[in-house]
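Colleague: The structure is given below, and queries will be raised subsequently.
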Amino acid sequence: MVNTDTSEQLWYEKVVNASVAIGAIGYGLHIAVFYTAVSGIFKARDRAGALKWFPLLFILFSLGTINIAGSLRFNQVAFIDQRKYEGGPAAFFSAEQSNSGNVAAVATSIAMMVFADAFMIYRIHTLGKRVVITAVAAAVLVASVVMSGFHAVELINENSSSNLKYSIPYVSLATILNILITLVMAPRLLELRRQISISQDPTRAKFTNLEALVVETAFPTGLLSLIFIILYGFQKVGSLLFLPLLVQVMAIMPGLIISRMVRGYAWSNDVVGRLRNPSSSIGRTVNGDFPQDVVTLNDLGNDPKSVSNRLA
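For the sequence shown, position 182 matches number 259 in my numbering, and the numbering has no gaps at all.
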């Protein structure tokens, strides 16, 4: 991607430096989302049920922290500590992929991909109940994990770090999976949105607004993945601008979804099940008032135990 032309080298170095700065902005958003989700967990009606999501949030946040720290460290070594490296920072980035900072960044990005995509595949299965689609997505995830393992071995091996033949299949599979997840989730959520929009449930706006569609389809991850894979396919250096940000966004989206879950505004088995039941009391009103025995979608999301008691 980089040739010996000085202007090309300078452009490459500017892009790499800027990409880490953009990734740091993404990490700042990650901090905010992590705080919001954790606060929501401890404020949830069913705190015990909500706490099951805390380990995932903590793991993703920890990985995101190590990831951006590793990227910043790799940049520091290239631009400051090894400023006199023959060929400059561009040559250093190409030849020293086995640097500990870069290895930490790559390893954590792989782990974040596994946890974040596994969570999204779980959501696909929960809301769609289509074994074939779930199996295909899971197979792509397994394939990307295998390729990422080979890629990690290449990074550790200093003799091959400048010729990473597994980086393209790993990156391609990982980004294609993100796009696939969005493409699968979008029509399903649009169908659920259509079903709930005809009800009179007072909380339905929380399930049908733009925020719900964007967050629960993981649209930002899919969009960034699409932009990245197109630029990467055409071997454009500009593709690197999106990589550190994409890694953080992959962790941010599960945090946003969990935040909606604990507040009772995320699609779930309970909500979908009630929509399938024509005799459901969801959203029924009497003379414009909301009766005491009506179970709202908000209740279903917040406190499944109390809801089952009220339905019994």
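Cβ coordinates follow ideal geometry from the N, Cα and C atoms, glycine included.
Computed from a prediction, not measured in an experiment: that's the story for all the values here.
I think Ile198 touches Ala215, with their Cβ atoms under 8 Å apart; what is that distance to the nearest whole Å?
Modeller: Indeed, because the Cβ distance is near 6 Å, the residues count as touching under 8 Å.
Colleague: On a CA-only basis, which of Ser116, Ile145 and Ala289 is nearest Ile58? Give me that one, please.
Modeller: The requested residue 58 is not part of the displayed model; the chain covers only 78 to 389.
Colleague: Is it right to say Lys283 is buried, meaning 16 or more other beta carbons lie within 10 angstroms of its own, or is it exposed?
Modeller: Classification for Lys283: buried.
Colleague: How should Asn179 be labelled, buried or exposed, when 16 other C-beta atoms within 10 angstroms of its C-beta is the threshold for buried?
Modeller: Asn179 is buried by the Cβ-count criterion.
Colleague: Note the first and the last residue of the continuous alpha helix (DSSP H) segment covering Gly147.
Modeller: Unbroken alpha helix (DSSP H) run through Gly147: Phe131 to Gln153.
Colleague: Could you name each continuous alpha helix (DSSP H) segment of 4 residues or more that falls completely within the stretch 252 to 336, going from the start of the chain to the end?
Modeller: If we require 4 residues or more, the alpha helix (DSSP H) runs fully inside the stretch 252 to 336 come out as 281 to 285, 287 to 293 and 296 to 310.
Colleague: Would you please state the rounded distance, in angstroms, between the beta carbons of Ala114 and Leu128? I believe it to be under 8 Å.
Modeller: Incorrect: roughly 12 Å between the Cβ atoms, too far for contact.
Colleague: For the alpha helix (DSSP H) holding Trp88, just list the boundary residues, first then last.
Modeller: Its alpha helix (DSSP H) spans residues Thr83 to Lys120.
Colleague: Does Thr83 pass the burial test, meaning 16 or more other C-beta atoms within 10 Å, or should it be called exposed?
Modeller: Exposed.
Colleague: Does Tyr247 come out as helix, strand or coil in the three-state DSSP assignment?
Modeller: Tyr247: helix per DSSP, three-state reduction.
Colleague: Which residues in the same chain as Trp88 place their Cβ atom closer than 8 Å to its Cβ, once the five residues preceding and following it in sequence are excluded?
Modeller: These residues qualify, in order along the chain: Val314.
Colleague: Specify whether the stretch 297 to 305 and the stretch 316 to 329 touch according to this definition: at least 3 beta carbon pairs, one from each stretch, less than 8 Å apart.
Modeller: Yes, the stretch 297 to 305 touches the stretch 316 to 329.
Colleague: How long is the line joining the alpha carbons of Leu333 and Glu163, rounded to whole angstroms?
Modeller: Going from the Cα of Leu333 to the Cα of Glu163 covers about 45 Å.
Colleague: Along the chain, where does the alpha helix (DSSP H) containing Ile210 start, and where does it finish?
Modeller: First-last of the alpha helix (DSSP H) with Ile210: Val208 to Ile233.
Colleague: Note down, in chain order, each residue of its chain lying with its Cβ closer than 6 Å to the Cβ of Pro297, except the 5 sequence neighbours on either side.
Modeller: Only Val326 meet the Cβ criterion.
Colleague: With a threshold of 16 other CB atoms inside 10 Å of the CB of Tyr112, please say whether the residue is buried or exposed.
Modeller: So Tyr112 ends up on the exposed side.
Colleague: Rounded to whole angstroms, what's the CA-CA distance from Pro132 to Gly147? Just pull it up for me.
Modeller: Those two C-alpha atoms are separated by around 22 Å.
Colleague: Mapping the DSSP letters down to three states, classify Ile340 as helix, strand or coil.
Modeller: Note that residue 340 corresponds to Arg in the displayed sequence, not to Ile. Reduced to three states, the DSSP call for Arg340 is helix.
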